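Peer 1:
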Amino acid sequence: MKKILYVASECTPFFKSGGLADVIGSLPQYLNKTKKCEVRVILPLYKQLKEAFREQLTEVMIYTTEVGWRQQYTGIYEMVYEGVHYYFVDNEYYFNRESLYGYIDDGERFIYFSNAVIEFIYRGDFKPDVLHGHDWQAAAAVAICNIKKPVPGIRTVFTIHNILYQGWLMHSAFEELLNLDRIHFAGFEWGGMLNLMKAGIFHADKITTVSPTYAEEIKMDYYGEGLQWMLQQRNADVLGIVNGINVDDYNPMKDPNIPVSYKTSLPKKRENKKALQQEIGLPVDADVPMFSIITRMVEQKGLHLVMAILEEFVQQHVQIVVLGNGLYEFESYFNELQRKYPEKVQVTIGFDEGFSRRIYAASDFFIMPSLFEPCGLSQLIALQYKAIPIVRETGGLKDTVIPYNIYSGIGTGLTFANYNAHELLSKLNEAVRLYRDPENYKLLLKNISKVNNSWAKSAAQYLAIY
Numbered sequence: 001m002k003k004i005l006y007v008a009s010e011c012t013p014f015f016k017s018g019g020l021a022d023v024i025g026s027l028p029q030y031l032n033k034t035k036k037c038e039v040r041v042i043l044p045l046y047k048q049l050k051e052a053f054r055e056q057l058t059e060v061m062i063y064t065t066e067v068g069w070r071q072q073y074t075g076i077y078e079m080v081y082e083g084v085h086y087y088f089v090d091n092e093y094y095f096n097r098e099s100l101y102g103y104i105d106d107g108e109r110f111i112y113f114s115n116a117v118i119e120f121i122y123r124g125d126f127k128p129d130v131l132h133g134h135d136w137q138a139a140a141a142v143a144i145c146n147i148k149k150p151v152p153g154i155r156t157v158f159t160i161h162n163i164l165y166q167g168w169l170m171h172s173a174f175e176e177l178l179n180l181d182r183i184h185f186a187g188f189e190w191g192g193m194l195n196l197m198k199a200g201i202f203h204a205d206k207i208t209t210v211s212p213t214y215a216e217e218i219k220m221d222y223y224g225e226g227l228q229w230m231l232q233q234r235n236a237d238v239l240g241i242v243n244g245i246n247v248d249d250y251n252p253m254k255d256p257n258i259p260v261s262y263k264t265s266l267p268k269k270r271e272n273k274k275a276l277q278q279e280i281g282l283p284v285d286a287d288v289p290m291f292s293i294i295t296r297m298v299e300q301k302g303l304h305l306v307m308a309i310l311e312e313f314v315q316q317h318v319q320i321v322v323l324g325n326g327l328y329e330f331e332s333y334f335n336e337l338q339r340k341y342p343e344k345v346q347v348t349i350g351f352d353e354g355f356s357r358r359i360y361a362a363s364d365f366f367i368m369p370s371l372f373e374p375c376g377l378s379q380l381i382a383l384q385y386k387a388i389p390i391v392r393e394t395g396g397l398k399d400t401v402i403p404y405n406i407y408s409g410i411g412t413g414l415t416f417a418n419y420n421a422h423e424l425l426s427k428l429n430e431a432v433r434l435y436r437d438p439e440n441y442k443l444l445l446k447n448i449s450k451v452n453n454s455w456a457k458s459a460a461q462y463l464a465i466y
């Protein structure tokens, strides 16, 4: 049985800032249940770990980790959760902070983490056959592993969850942080600086990303963020594997966060709509089409398109529910829209997992017009809760949402191709017409009910790589 060590910077239910945490929280569980490999996960021990989990930690070992000329304390703690062994790297200087990311020394923090992981492999009893690093925060671990080979014959996989975020450092960081021979400098250098994402791509035996379409997109100039040339060179080793989700967790039949359980029953789903309307102060009306946006409020998520047309759209008999936070430009826009149309628009700045589930369960349509989207989990969750996704055809959105055709009756959502606000508006208007067309609306929901977004197919592809 292959032994796999996942190296990642976040993982549900311990720490989460985005979709990476959901993947690391669910894929290892699924893989271990296949009995074809054993996956363990190693993470930073952030301040944010809840006390209920801290009480379950057991100390494994303590050692010092070289970070350039410095010797940094490292503690390794372990717990087993849902059949997966989780290791946590303890260092309060680097990880006892108010947020997971966003610090000027993030590059140093995650090079330390990577050095500590490799030292753990040398010292620990778990000797992985494969080290699988996720995103730039784990890229140095992939590179150092392939250079130092802490286990003879160990192989590496590097997964790009979002190539936009790359982990840039000054040239001097190579000597100051990495403890590698200068001969390896070229594998880290890019654009006059060190680039950890580039180092992961350069050194990994296999490279994956989180959807087949995104795997092709990032080889192009528009999407590759400067690294397209390297991915073109490594083309034979690049594979796109679409993310799955934990379908037992995201299950409206079992979800304790929603008022009324349902599977395919439209009347029961609309009871959730009425409950949410009452909760957030919108007029209670089961028949009004409800559109939702649950997102990080950043440009990537297509919010400039939304800003261009949403006020025109809300002149119709519709309701809009928004949950998320991010850039002030977007937060202030949505807040102002709510101020002008309090009977139609409700905005919550921030994020709450349980509240997001109630929004999915209440919504008739889910808006996700991303500029780019490596995979996206929100549209998969929306499909689970029978909220019809309205998406732009990019990355994983294109791979997971089939455009509905009223003539053939085939499709699982509404899609548009160009990054154009009026194409989005056209699809929103089409959604309203579809909602008033019971035959097609129910057929589309029937199609969605047959969608399987579990990890089964994707896990088989990862197993083949291992």
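If you read the sequence shown in full-length UniProt numbering, its first letter stands for residue 1, the second for the next number, and so on. From the three backbone atoms N, C-alpha and C, an ideal C-beta is built for every residue, glycine too. Predicted, not measured: the structure shown is a model, and the values here were computed from it.
Please report how far the alpha carbon of D237 lies from the alpha carbon of G153, in whole angstroms.
Peer 2: C-alpha separation (whole angstroms): 18 Å.
Peer 1: Mind reading off the beta-carbon distance from L371 to Q300? Whole number of angstroms is fine, and I expect it under 8 Å.
Peer 2: 5 Å
Peer 1: If we count the other Cβ atoms within 10 Å of its Cβ and call it buried at 16 or more, is L327 buried or exposed?
Peer 2: exposed
Peer 1: Let me confirm a value: H134 is counted as buried when at least 16 other C-beta atoms fall within 10 Å, else exposed. Which label applies?
Peer 2: Burial of H134 is indicated by the presence of at least 16 other C-beta atoms within 10 angstroms of its C-beta.
Peer 1: Please name the residue, chosen from L178, A215, E98, S114, that lies closest to T74 on a Cα-to-Cα basis.
Peer 2: S114
Peer 1: Thinking C-beta only, is E98 closer than 7 Å to Y87?
Peer 2: no
Peer 1: Which ranges does the alpha helix (DSSP H) cover as unbroken runs of at least 4 residues, wholly within the stretch 360-389, from first to last along the chain?
Peer 2: The stretch 360-389 contains these whole alpha helix (DSSP H) runs: 378-384.
Peer 1: Can you tell me whether DSSP reads S332 as helix, strand or coil?
Peer 2: Correct three-state label for S332: helix.
Peer 1: Return the residue from the list R123, E51, V451, L178 that minimises the CA-CA distance to A140.
Peer 2: Cα-wise, what sits closest to A140 is L178.
Peer 1: Inspect the beta-carbon positions of Q346 and I390 and report whether they are closer than 7 Å.
Peer 2: no
Peer 1: Given A387, which residues of its chain have a CB within under 7 Å of its CB, disregarding the five upstream and five downstream residues?
Peer 2: S292, Y360, S363, D364, F365, F366
Peer 1: Please identify the residue among V7, S9, G18 whose C-alpha is closest to the C-alpha of G376.
Peer 2: G18
Peer 1: Would you kindly check if the distance between the Cβ of K219 and the Cβ of Q233 is under 7 Å?
Peer 2: no
Peer 1: Can you tell me which residues form a DSSP beta bridge with M297?
Peer 2: G326
Peer 1: For I258, which residues from the same chain have a beta carbon less than 7 Å from its beta carbon, with the 5 sequence-adjacent residues on both sides left out?
Peer 2: P252, N272, R357, R358, A361
Peer 1: Would you call the stretch 186-206 and the stretch 163-174 touching, i.e. three or more CB-CB distances under 8 Å?
Peer 2: yes
Peer 1: Is D125 helix, strand or coil by DSSP?
Peer 2: coil
Peer 1: Check for me: the alpha helix (DSSP H) holding L424 runs from which residue to which?
Peer 2: Per DSSP, L424 belongs to the alpha helix (DSSP H) from 421-435.
Peer 1: Taking the alpha carbon of E336 as the point to measure from, which residue in G324, R70, G395, E311 has its own alpha carbon closest?
Peer 2: E311
Peer 1: Just to confirm my understanding: we take Y341, look at its own chain, exclude 5 residues before and 5 after, and list those with CB closer than 7 Å. What are they?
Peer 2: V314
Peer 1: Please report the straight-line C-alpha distance between L463 and P44, rounded to a whole angstrom.
Peer 2: 26 Å
Peer 1: Put I4 into one of helix, strand or coil per three-state DSSP.
Peer 2: strand
Peer 1: With 16 as the cutoff for other CB atoms within 10 Å, does D352 come out buried or exposed?
Peer 2: exposed
Peer 1: Count the other C-beta atoms from every protein chain shown that fall within 10 angstroms of the C-beta of K427, then say buried if there are 16 or more, exposed otherwise.
Peer 2: buried
Peer 1: Which residue from D287, I111, V322 puts its Cα closest to that of L303?
Peer 2: That would be V322, whose Cα lies nearest to the Cα of L303.
Peer 1: Within its chain, find whatever has a CB closer than 8 Å to the CB of L180; leave out the 5 residues flanking it on each side and keep chain order.
Peer 2: I144, I147, F174
Peer 1: Considering Cα atoms alone, identify which of Y385, S408, Y419, L380 is closest to T400.
Peer 2: It is L380.
Peer 1: Among K2, P374, R40, W69, which residue has its Cα nearest to the Cα of I241?
Peer 2: Comparing alpha carbon positions, the residue from K2, P374, R40, W69 closest to I241 is P374.
Peer 1: In whole angstroms, what is the alpha-carbon distance linking V39 and P256?
Peer 2: In a straight line, the C-alpha of V39 is about 29 Å away from that of P256.
Peer 1: Kindly give me the distance between the Cβ atoms of P289 and V67, rounded to whole angstroms, as I take these residues to be in contact under 8 Å.
Peer 2: Actually they are not in contact, since the Cβ atoms of P289 and V67 sit about 55 Å apart, beyond 8 Å.
Peer 1: What are the boundary residues of the alpha helix (DSSP H) that K398 is part of?
Peer 2: Segment 395-400, the alpha helix (DSSP H) holding K398.
Peer 1: Please report the residue range of the alpha helix (DSSP H) in which H171 lies.
Peer 2: Taken as a continuous stretch (DSSP letters only), H171 belongs to no alpha helix (DSSP H), as it is neither H nor E.
Peer 1: If contacts are defined as beta-carbon pairs under 8 Å, then F443 and G409 qualify, I think. What distance do you get, rounded to the angstrom?
Peer 2: The sequence given here places Leu at residue 443; Phe does not occur at that position. That belief holds up - the Cβ atoms of L443 and G409 are roughly 5 Å apart, short of 8 Å.
Peer 1: Please name the residue in Q71, L57, T64 whose C-alpha comes closest to that of V80.
Peer 2: By alpha-carbon distance to V80, the top candidate from Q71, L57, T64 is L57.
Peer 1: Suppose the cutoff is 7 Å on Cβ atoms and the five residues either side in sequence are ignored; what does the same chain contact list for F330 look like?
Peer 2: M297, L303
Peer 1: Out of E119, K35, N243, T348, state which residue places its alpha-carbon closest to the alpha-carbon of V151.
Peer 2: E119
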